[in-house]
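Participant: One structure follows; several queries about it will come next.
Number of protein chains: 2
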Amino acid sequence: MTRNTLIKIIQEKKSFLCIGLDTDLAKIPSFLHGYHDPVFEFNKAIIDHTQDLAVAFKINTAFYENRGIKGWTSLEKTVRYLDQYRSSIFLIADAKRGDIGNTSQMYAGAFLADPPHGLGFDSITVAPYMGNDSVKPFFYHKGKWVILLALTSNAGFEDFQTKRLESGEMLFEYVIRQSMQWGNIDNLMFVIGATRQDMLSKVRQIVPNHFLLVPGVGAQGGSLKAVAQTGLTKDFGLLVNSSRGILYAVDDESFPQAARTEALKIQQEMAIYLQHLL
Amino acid sequence: MTRNTLIKIIQEKKSFLCIGLDTDLAKIPSFLHGYHDPVFEFNKAIIDHTQDLAVAFKINTAFYENRGIKGWTSLEKTVRYLDQYRSSIFLIADAKRGDIGNTSQMYAGAFLADPPHGLGFDSITVAPYMGNDSVKPFFYHKGKWVILLALTSNAGFEDFQTKRLESGEMLFEYVIRQSMQWGNIDNLMFVIGATRQDMLSKVRQIVPNHFLLVPGVGAQGGSLKAVAQTGLTKDFGLLVNSSRGILYAVDDESFPQAARTEALKIQQEMAIYLQHLL
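Chains as they are written, first to last, in this note's numbering: chain A, 125 to 402; chain B, 125 to 402.
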């Protein structure tokens, strides 16, 4: 998906909501366990009931890998089910991959190449630690995006990401500055956690025009209002993810409607923050 | 596998060779394409002909993920085929995973939990960027190992890993020092590329007793002799990986014998370096 299309969708849906399909067999309503593929049944219902409110879906690969071949089958079926909505849905493989060049190329093929060669995601999250040749192969897929980990929303983000370099800047700032040379605003986004507003504003100084994928709103404690105030640009430039809060709102057959209610709440709040930009 | 068992195997086999099963459908001998699962057939032959010369096999997950469900099937069959050799083979999932706590827990289950819940690897390579809660869940599996990326062998290693922090030390040194608090010599190894001997000696000053997994010998240009001289400890403390040089020695039906010849060459060289320690 092109940057222009993504901007247009945000405009039309008045939403920059990304829904994370961190689908956990242990957390989905128990009646679904009667189905052949409970995870896929769950995902289908969530997708059908929220796709008009979200601009992106993010598939957390760990939750599928955890179930081996069965899990990869659910993942593939979910991606193919999403195809019907792809003109208005940006699809993220939240895989946090990154390895030496020839290996990153294999990962890029797996997630970004279109079927039948790969899964055909629009984008993949990539870990920066191994440097340029671990990230660049993901750019070889035209029209696809790298979403690079910069500042994450988890408890351990301060262990390395905010360490100061000799130059005085923090590691995550340096990661952003370096990687801006490998990609551009049309194929590179950054993961910036919602849990620290002061740092988000630092990030916006470095990358005023890049899209940011922001996890950590909701279950992890970040404020949507703060993120919107600091992170939105004239081209919107934000995808804010919510996973657990939407997926597991209730534990019975009404879960698709409950998920929609939660997603709608977030979308309506987003519409307010977008008002002056539309 | 315990540290003591690993040490005993190195002693008995006079080898610290790890063979990387980076099995690429495009590179295996073409006659194998007649089989139902060419990658598995290839792996079986390599394993059978080299398992007495190697102390570890490393499965690079990217090469399997690249082929989707088919690839994951080959991976799972390969791991189960290796079960017959597991008393004398240390098994590494070279997956470079790492994510927020609840997600790392899912990855840990996928790779480290024993069947039927997981694949039952002895160890997994983990990326450090997200900090302590992204690494710790991998330690929850008793008797299993984290192999943390510290200094890698690829071209881009200098982008971030060797950047100096305010304190004067390089990022990879700091990563090692911090993570030593999360694990110990019985469950934590480090990936240290073979391409820079001066840095390997720095690493040995920080972690005189940890095992190191060293890629980059062979195709990537590192010297086995230099790595052995600098990296070996009284408990050996090294696993040196070779992938392409062993796997793709020839392109015909004699590939298992050719792989054995290459592995034997490396094992015999290793035996010389081990002599004064045995």
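Just so you know, even glycine gets a beta-carbon here, dropped at the ideal spot from N, CA and C.
These figures come from a predicted structure and were not determined experimentally.
1) Kindly indicate which three-state DSSP category Ala232 (chain B) falls into: helix, strand or coil?
2) Would DSSP call Ala383 (chain B) helix, strand or coil?
3) Just curious, the alpha helix (DSSP H) that Trp196 (chain A) is in, first and last residue?
4) Are the CB atoms of Tyr253 (chain A) and Gln285 (chain B) nearer to each other than 8 Å?
5) Give a yes or no on whether 8 Å exceeds the smallest Cβ distance from Tyr264 (chain B) to chain A.
6) What are the complete beta strand (DSSP E) segments, minimum 3 residues, inside the stretch 231-296 of chain B?
7) Start and end of the beta strand (DSSP E) containing Gly144 (chain A)?
8) Below 7 Å between beta carbons is the criterion; list the residues of the stretch 247-262 of chain B that meet it against any residue of chain A, in chain order.
9) With 9 Å as the limit, tell me which residues of the stretch 262-288 of chain B have their beta carbon closer than that to any beta carbon of chain A; keep them in chain order.
10) Is there at least one Cβ from chain A nearer than 8 Å to Ile193 (chain B)'s Cβ?
11) With a threshold of 7 Å on Cβ separation, who are the neighbours of Asn308 (chain B) within its own chain once the five nearest residues in sequence on each side are excluded?
12) When burial is assigned at 16 or more other CB atoms within 10 Å of the CB, is Leu356 (chain B) buried or exposed?
13) Of all the CB atoms in chain A, is at least one closer than 8 Å to the CB of Ile224 (chain B)?
14) Using the Cβ count rule (16 or more neighbours within 10 Å means buried), how would you classify Ile248 (chain B)?
15) Where DSSP assigns a beta bridge to Leu215 (chain A), which residues make up the other side?
16) Does Met230 (chain A) get closer than 8 Å to chain B when you measure Cβ to Cβ?
17) State the DSSP-derived secondary structure class of Ile330 (chain A), mapped to helix, strand or coil.
18) Which residues, in order along the stretch 169-196 of chain A, keep a beta-carbon less than 7 Å from a beta-carbon of chain B?
19) Since Phe314 (chain A) is in the beta strand (DSSP E), which residue starts that stretch and which ends it?
20) Using a Cβ-Cβ distance cut-off of 8 Å, determine whether Gln305 (chain B) contacts chain A.
21) Quick check on Arg127 (chain B) - is its C-beta less than 8 Å from some C-beta in chain A?
22) Can you confirm whether Gly233 (chain B), when its beta carbon is compared against all beta carbons of chain A, has any partner nearer than 8 Å?
23) Let me check one thing: in DSSP terms, what residues is Thr357 (chain A) bridge-paired to?
24) Kindly indicate which three-state DSSP category Val163 (chain A) falls into: helix, strand or coil?
25) Does the beta-carbon distance from Ala318 (chain B) to Pro339 (chain B) come in below 8 Å?
26) Rank B:Ile396, B:Asn278 and B:Leu273 by C-alpha distance to the C-alpha of Lys260 (chain A) and give the top, closest one.
27) Check whether the stretch 268-283 of chain A touches the stretch 313-330 of chain A, counting contact only when three or more Cβ pairs, one atom from each stretch, lie closer than 8 Å.
28) Please confirm whether Arg301 (chain A) has its beta-carbon closer than 8 Å to some beta-carbon of chain B.
29) If you compare alpha carbons, which of B:Tyr298, B:Lys132 and B:Asp246 is closest to Val327 (chain B)?
30) Please list the residues of the stretch 330-354 of chain A that have a C-beta atom closer than 7 Å to any C-beta atom in chain B, keeping them in chain order.
31) Can you list the residues of chain A that Leu295 (chain B) reaches, using a CB-CB cut of under 9 Å?
32) Whose Cβ in chain A lies nearer than 7 Å to the Cβ of Thr227 (chain B)?
33) Would you say the stretch 382-394 of chain A touches the stretch 143-154 of chain B, given that touching needs at least three Cβ pairs under 8 Å?
34) Using the beta-carbon of each residue, which ones in chain B are nearer than 8 Å to Tyr372 (chain A)?
35) Quick one, which of B:Thr174, B:Ala234, B:Ile170 and B:Asp359 has its alpha-carbon nearest Pro332 (chain B)'s?
36) Determine which residues share a DSSP beta bridge with Asn365 (chain A) and list them.
Facilitator: With the structure as the only source:
1) In the second sequence, the residue the question calls residue 232 (chain B) occupies position 108. Of the three classes helix, strand and coil, the one that applies to Ala232 (chain B) here is helix, per DSSP.
2) On the second sequence, position 259 is the one that residue 383 (chain B) refers to. Here Ala383 (chain B) sits in helix by DSSP.
3) For the purposes of this step, residue 196 (chain A) is taken as the residue at position 72 of the first sequence. Taken as a continuous stretch (DSSP letters only), the alpha helix (DSSP H) holding Trp196 (chain A) covers Gly192 to Leu206.
4) Counted from its first residue, the first sequence places residue 253 (chain A) at position 129. Counted from its first residue, the second sequence places residue 285 (chain B) at position 161. Result yes, Cβ atoms of Tyr253 (chain A) and Gln285 (chain B) sit closer than 8 Å.
5) Working through the second sequence from its first residue, we reach residue 264 (chain B) at position 140. For Tyr264 (chain B), the answer is no, since every Cβ of chain A falls outside 8 Å of its Cβ.
6) 247-250 and 269-275
7) In the first sequence, the residue the question calls residue 144 (chain A) occupies position 20. Unbroken beta strand (DSSP E) run through Gly144 (chain A): Leu141 to Leu145.
8) Within the stretch 247-262 of chain B, the residues whose Cβ lies closer than 7 Å to some Cβ of chain A are Ala251, Pro252, Tyr253, Met254, Gly255, Asn256, Asp257 and Ser258, listed in chain order.
9) Leu273, Thr276, Ser277, Asn278, Ala279, Gly280, Phe281, Glu282, Asp283, Phe284, Gln285, Lys287 and Arg288
10) On the second sequence, position 69 is the one that residue 193 (chain B) refers to. Chain A contact via Cβ: present.
11) For the purposes of this step, residue 308 (chain B) is taken as the residue at position 184 of the second sequence. Closer than 7 Å at Cβ, skipping near neighbours: no residue.
12) For this step, residue 356 (chain B) is matched to residue 232 along the second sequence. Buried, because 16 or more other Cβ atoms sit within 10 Å of the Cβ of Leu356 (chain B).
13) Position 100 of the second sequence, counted from the first residue, corresponds to residue 224 (chain B). Taking Cβ atoms only, chain A reaches closer than 8 Å to Ile224 (chain B), which makes this a yes.
14) Here residue 248 (chain B) is taken as the residue at index 124 of the second sequence, counted from 1. Label assigned to Ile248 (chain B): buried.
15) In the first sequence, counting from the first residue as 1, residue 215 (chain A) sits at position 91. Looking at the DSSP assignment, Leu215 (chain A) forms a beta bridge with A:Phe181.
16) Stepping through the first sequence from its first residue, residue 230 (chain A) is reached at position 106. Chain B, which has a Cβ nearer than 8 Å to the Cβ of Met230 (chain A), makes this yes.
17) Counting from one through the first sequence, the residue named residue 330 (chain A) turns up at place 206. Here Ile330 (chain A) sits in helix by DSSP.
18) Asn184, Ala186, Phe187, Glu189, Asn190, Gly192, Ile193 and Trp196
19) Counted from its first residue, the first sequence places residue 314 (chain A) at position 190. Unbroken beta strand (DSSP E) run through Phe314 (chain A): Leu312 to Ile316.
20) Here residue 305 (chain B) refers to the residue found at position 181 of the second sequence. Not an interface residue.
21) Stepping through the second sequence from its first residue, residue 127 (chain B) is reached at position 3. No, its Cβ sits nowhere closer than 8 Å to a Cβ of chain A.
22) Your numbering for residue 233 (chain B) matches position 109 in the second sequence. True, the Cβ-Cβ gap to chain A drops below 8 Å.
23) For the purposes of this step, residue 357 (chain A) is taken as the residue at position 233 of the first sequence. Answer is A:Phe360.
24) The residue labelled residue 163 (chain A) in the question sits at position 39 within the first sequence. DSSP places Val163 (chain A) in helix when its eight states are reduced to three.
25) In the second sequence, counting from the first residue as 1, residue 318 (chain B) sits at position 194. In the second sequence, counting from the first residue as 1, residue 339 (chain B) sits at position 215. The answer is yes: Cβ separation under 8 Å.
26) Translated into the one-based positions of the first sequence, residue 260 (chain A) becomes position 136. Nearest C-alpha to Lys260 (chain A): B:Asn278.
27) yes
28) Here residue 301 (chain A) is taken as the residue at index 177 of the first sequence, counted from 1. No, its Cβ sits nowhere closer than 8 Å to a Cβ of chain B.
29) Mapped onto the second sequence, residue 327 (chain B) falls at position 203. Closest by alpha carbon: B:Tyr298.
30) none
31) The residue labelled residue 295 (chain B) in the question sits at position 171 within the second sequence. Chain A residues near Leu295 (chain B): Tyr253, Phe284, Lys287, Leu289 and Leu295.
32) Working through the second sequence from its first residue, we reach residue 227 (chain B) at position 103. Those are Asn184 and Ala186, listed as they occur along chain A.
33) no
34) Your numbering for residue 372 (chain A) matches position 248 in the first sequence. In chain order: nothing, as chain B lies at least about 12 Å away.
35) On the second sequence, residue 332 (chain B) is found 208 positions in, with the first residue counted as 1. Cα-wise, what sits closest to Pro332 (chain B) is B:Asp359.
36) The residue labelled residue 365 (chain A) in the question sits at position 241 within the first sequence. A:Cys142.
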